Structure formats: C-alpha cells, structure tokens
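There are 2 protein chains.
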Amino acid sequence: MLYLIGLGLADEKDITVKGLEIVKRASRVYLEAYTAILLVEKSQLESFYGREVIIADREMVESASDDILANADKEDVAFLVVGDPFGATTHTDLVLRARALSIPHTSIPNASIISAIGASGLQLYNFGQTISMVFFTDSWRPSSFYARLAENVSLGLHTLVLLDIKVKEPSLEAMARGKIVYEPPRFMTVAECARQMVEVEEEKKEGVCGEKKLAVGAARVGSAEQKFVVGTLEQLCEAEEEMGPPLHSLVLLGWRTHDLERDYLREWALDKDVFDEVWKRDYEGKG
Amino acid sequence: MLYLIGLGLADEKDITVKGLEIVKRASRVYLEAYTAILLVEKSQLESFYGREVIIADREMVESASDDILANADKEDVAFLVVGDPFGATTHTDLVLRARALSIPHTSIPNASIISAIGASGLQLYNFGQTISMVFFTDSWRPSSFYARLAENVSLGLHTLVLLDIKVKEPSLEAMARGKIVYEPPRFMTVAECARQMVEVEEEKKEGVCGEKKLAVGAARVGSAEQKFVVGTLEQLCEAEEEMGPPLHSLVLLGWRTHDLERDYLREWALDKDVFDEVWKRDYEGKG
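Protein chains in written order, with full-length UniProt numbering: chain A, 1 to 287; chain B, 1 to 287.
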C-alpha cells in the first residue's frame, strides 16, 4: 500500500497518531521536500520516528516515481508531505501512476495552510481562490496573480497568498561554469510579497492591491511561534522585523467582513489608529 | 492555557501527537459536539485518551463559556474540535472571551474538510468560496447559497458545499406538548443536497446548478471508508446507495479545470460515457 501522509505544518509532533503508526511499520519512508518544508530538520523527524527518511526531491518524484512505488503492491511505502498530501501542492500524479500500476493507495490528511490560516480569525467561508506569489527577478515578473486577486477583490473575498520558497535551486552562475552548485534556501517574506503586490498595482492601477489595502501577515502558522501582523500593504512592506523567521503567508482582506473578524484582527494591528481608520473607511459595513 | 485542538476528520487516531500529549495532561477536556462530528463515538475517544471527555454543546459554548475557561490561567484546559479548530466553524468567540479574561491560549491545527477535499483530486487553487447547505423544510427554503454559488460558477471555480447536520435538535412536536425530547441525529446526504440545488436552479434559472452540471459526491473524507462519486447533479440526486453512510460533502465543478483533474475524477464516474460527454461539452478546454 502507498500511504500519502500529511505531516502538518510545524514540527515532528504534528503528524497524526494514525500517520505515525504507518511510518513506524512501513518498508520505506520518503519525505517530499521541494514544495514545502517543516520548521525542523529531517534529522529531527528521523530521531522521532526512530528510522531513516529518504528525501524525495522534485527530480525523484517527477522522473523516478516508479522507484518510490517499487513493491508497494506487496509492502507499505510511506510518502510524507508537509501540510496535507493534497493541499497547496497535490500529488495526484503520483497517485495516478500508482493507479496505473494497480498499487493500492490511501492518504492520511493533516493541517494545510489553506485551512490553518483560519487561526488568523478570518472566516474560511469568506475566502476566494488561493493564489501563489513567486520571487520576481530582473527579467521575470509574472503578474498573472493579479487577475485572480482582482476576481476575489471584486467579490469582497479574502485571498490567501502562498509565498515562494526556493530549496535546492541550482546556481545559474555555477551552471555557466559547468558546475552544479545549489543556492542557499530562500523563503519569501510578507514584506517582499507586499512590495511585489504594490509594485504590480502601480502598473495595473485597477485598485486591487494598492498600498492602503489591509492585509494580514502570517508567520510560522501552526507552531508555538505562530504570529499574525495586521496592517496596510504599505505598512507590511516594512514589517521585516515584526514578522520574524519563515515560513510566511499573507492574506489580502476582502470587504465582505464580519465584526468578529475586526475584533480578532485589531489586537495584531501594527498601528491601531491606522487600522481603525482604514477599516472604517474601506471595510466596515461593506459586507 | 486554553488549547483549541483539532481532531481531524475520522476517528480517535486522527489527533496529532502534539494534541494527544496535551489531552493527556490537561485538567479538563471538552469536546465541541454540535457543529461537526467524528465517525466514532465519544466513548472511543475516552478509552483512547484514558480519561473523561465533557461534551460541550451549543448552549454551553455560547452561554457558559466562562465555565469552560475557569482556571485556564493557571491550568491547562483542552477544547477539542472536530476538523480544525478554525475550520468550517470558527471558535473565535471563545478565544475573544479568553483574551478578555487574559487567559493564554493556543491552537493545534488539524485536517479540515476545506483542505482534505483535495483528496478528490481537485486542485484547491481552483476553489472559490465555500458554501453550506441547510435542510429545507416546508416553510423554510433558504436559497441564499445560490448567489455565492453563482459567483464561483461565473469565474469557473469549484465550490465545496458543506452539508447540514442536526444533532441534539429539540423535537418541535414534543415542545408543543411542553416536553424537551431530542430528535435523532440527521446528516444531509449528497443526494438530498443535489436535489435542493436542482430545485433552486429551477426557480432561479441562471444556469448555476442545473441537473447537467458535474459534481463530486464525497463521503467519509479522511477515513479508510472514504469514497468519491462523480456524476451530473441529476445522477447524484439518485446516488443514495453509492455514497453510503455519512458524513457527506459535495463539490460543484467549475469549468476552470485541468486535465489531471479529469483523469483523477473519471475513475469514480457513475457512468463514464455520460462523464466524458458532459466533460467534453461543458468543461474541457474552458480554463
């Protein structure tokens, strides 16, 4: 049996009791480690599980999935995924391959940022589609997120923005010299995301994510160091220190709000006067 | 400390290792038991935890929350919530009360139907706002869901529909006789939901949820008995037996689809010829 097991969001103890039982008895244990990361190292998982964990990078999952699935018709193979196995990144391709090979499979769900963002106090019913934000470079500044964001904004819905992470990215400079060297991991911050949003708004000018819009910066959701910071995008552009270490996500607020959401968020406002003023002007009573 | 702990979706082993450690050491353990249920009885939780669990019904949470919070500044109180503590039903009001009393609080996330529905193979990025469907009665047929559904449909987004459950509902007939008797629990089925959707479409006629629309029926998501059934709403209206026991949810498909979604869903089609025909006509290449 192939088991896709969600690990939750923070550390080795966020696995479910059911998931842990499978990890302990499986023949092989893989960890998908290129689309999301836990806040702890692989070694901490291994010592908690009492066994070896094989890192499955993008290349292995995309090109060598049959190695992962080898003998899974006769023995148990665990494929660990940070968050939920079908959360922000789905592993439907691996399951389709298992189906084609007649390998039985099942999944053990866990917390995903898509639902755990509810800890911000924002009601999940009021969220529209989720979008992701990639790191802009000098030559690549994809603004396709803007159209989807605009759809949510026009309906007054909140938008969860998932921020880019770069792990095991080959250095282009080293490649030019014929070598494969990996760049150190990079995690987009709320401030970087806010700056990219404001920048694209300045080009497009449709009033979607200008600097006076309210947003929630979320850091280390699901961990004991979870933190929410609330402000205008302009304020969040500067909030490097307030947010602390990765991982970060951002929610752009829609105007279809509830008073309970305001009461919940206000506690975390970078500046309560600014929050009150902007809320009253642009959000209150609009739902 | 007040701990809001997600229990996940199916049984006693879906709690996280971290959550279980807190349950074992807390002074008191409450189970919120009116907005969602596990697929197992309270006694099974109690025997797994090795301790008593206090049922917190709506009345207790809404009117006697200070009893739940008593002494939580000095000792640990666990408040268990099926799914994620801030999932489909949020408990922000309990947290706001804790804040007002200066009681420290934290939450332990877990799987919510809002993310676990990804096991259907539908990409969570392609979902719009979540809606809920209540049981219609002869005199109360709220169709406000239709406007929100229409918003998602116009954007081509999938819609997760959460289905009504009725637990501990007083019998109106008995109340008329001056007695309080509770009705047996009721759980809306996919077929009932599909019938209500088609019925409202017949009134409103905006092409939002007519009987030729494709939808996914989901049963017992997150459990070993998880099942997905795919068909038109017309087909799902009749799919009582195929779905099996509760809990059910439904996803109305949007046209913004991916070929991988089709490949994944087709396996579960009630009739693959009908699925292929409707997909080709109304969904394929529309994204």
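Backbone N, C-alpha and C define an ideal beta-carbon position, used for all residues, glycine too.
Bear in mind the structure is a predicted one, so any value in this text is a computation, not a measurement.
Chain A contact for residue i (CB, 9 Å cutoff)
i: residue 182 (chain B); result: no
i: residue 244 (chain B); result: no
i: residue 37 (chain B); result: no
i: residue 93 (chain B); result: yes
i: residue 71 (chain B); result: no
i: residue 121 (chain B); result: yes
i: residue 108 (chain B); result: yes
i: residue 125 (chain B); result: yes
i: residue 63 (chain B); result: no
i: residue 47 (chain B); result: no
i: residue 86 (chain B); result: yes
i: residue 96 (chain B); result: yes
i: residue 221 (chain B); result: yes
i: residue 178 (chain B); result: no
i: residue 129 (chain B); result: yes
CB contact check: residue i to chain B, cutoff 9 Å
i: residue 132 (chain A); result: yes
i: residue 13 (chain A); result: yes
i: residue 143 (chain A); result: no
i: residue 263 (chain A); result: yes
i: residue 206 (chain A); result: no
i: residue 224 (chain A); result: yes
i: residue 218 (chain A); result: no
i: residue 104 (chain A); result: no
i: residue 99 (chain A); result: yes
i: residue 151 (chain A); result: yes
i: residue 18 (chain A); result: yes
i: residue 284 (chain A); result: no
i: residue 111 (chain A); result: yes
i: residue 196 (chain A); result: no
i: residue 6 (chain A); result: yes
i: residue 118 (chain A); result: yes
Boundaries of the alpha helix (DSSP H) in which residue i is found, first to last residue
i: residue 30 (chain A); result: Residue 30 (chain A) -> not in any alpha helix (DSSP H); beta strand (DSSP E) instead, spanning 28 to 32.
i: residue 43 (chain B); result: 42 to 49
i: residue 37 (chain B); result: Neither: residue 37 (chain B) is in no alpha helix (DSSP H) and is coded neither H nor E.
i: residue 146 (chain A); result: 145 to 155
i: residue 115 (chain B); result: 113 to 116
i: residue 92 (chain A); result: 92 to 100
i: residue 139 (chain A); result: Note, residue 139 (chain A): premise wrong, no alpha helix (DSSP H); not H, not E.
i: residue 67 (chain B); result: 65 to 69
Enclosing beta strand (DSSP E) for residue i [first to last residue]
i: residue 81 (chain B); result: 77 to 81
i: residue 54 (chain B); result: 54 to 56
i: residue 107 (chain B); result: 105 to 108
i: residue 5 (chain A); result: 2 to 6
Cross-strand partners of residue i (DSSP beta bridge)
i: residue 15 (chain A); result: Its beta-bridge partners do not exist; DSSP assigns none.
i: residue 161 (chain B); result: B:131 and B:250
i: residue 269 (chain B); result: B:230
i: residue 182 (chain A); result: A:170
For residue i, the nearest candidate out of the options (CA to CA)
i: residue 183 (chain A); options: A:93, A:176, A:177 and A:166; result: A:166
i: residue 258 (chain B); options: B:64, B:126, B:22 and B:211; result: B:126
i: residue 47 (chain A); options: A:153, A:13, A:250 and A:96; result: A:13
i: residue 212 (chain A); options: A:226, A:236 and A:229; result: A:236
i: residue 8 (chain B); options: B:51, B:77, B:27 and B:114; result: B:114
i: residue 247 (chain A); options: A:161, A:22 and A:23; result: A:161
i: residue 263 (chain A); options: B:269, B:209, B:93 and B:204; result: B:93
i: residue 121 (chain B); options: A:84, A:45 and A:58; result: A:84
i: residue 34 (chain A); options: A:28, A:42 and A:27; result: A:42
i: residue 146 (chain A); options: A:172, A:170 and A:197; result: A:197
i: residue 36 (chain B); options: B:18, B:23 and B:86; result: B:86
i: residue 97 (chain B); options: A:271, A:274, A:209 and A:260; result: A:260
i: residue 206 (chain B); options: B:100, B:153, B:29 and B:74; result: B:153
i: residue 245 (chain A); options: A:224, A:254 and A:67; result: A:224
i: residue 228 (chain A); options: A:54, A:117 and A:79; result: A:117
i: residue 192 (chain A); options: A:51, A:249, A:221 and A:279; result: A:249
i: residue 136 (chain B); options: B:275, B:200, B:255 and B:52; result: B:200
i: residue 53 (chain B); options: B:30, B:59 and B:38; result: B:30
i: residue 143 (chain B); options: B:109, B:111 and B:203; result: B:203
i: residue 123 (chain B); options: B:25, B:256 and B:40; result: B:256
i: residue 188 (chain B); options: B:133, B:214 and B:38; result: B:133
Any non-hydrogen atom of the ligand MG within 8 Å of residue i CB
i: residue 102 (chain A); result: In the structure on display, the ligand MG does not appear, and there are no ligands present to speak of.
Any chain E beta carbon closer than 9 Å to residue i
i: residue 114 (chain B); result: Included in the structure are the protein chains A and B, with no chain E among them.
Review point. Which runs of the beta strand (DSSP E) spanning at least 3 residues fall entirely within the region 186 to 254 of chain A, listed in chain order?
Key: The qualifying runs are 214 to 219, 227 to 232 and 248 to 252.
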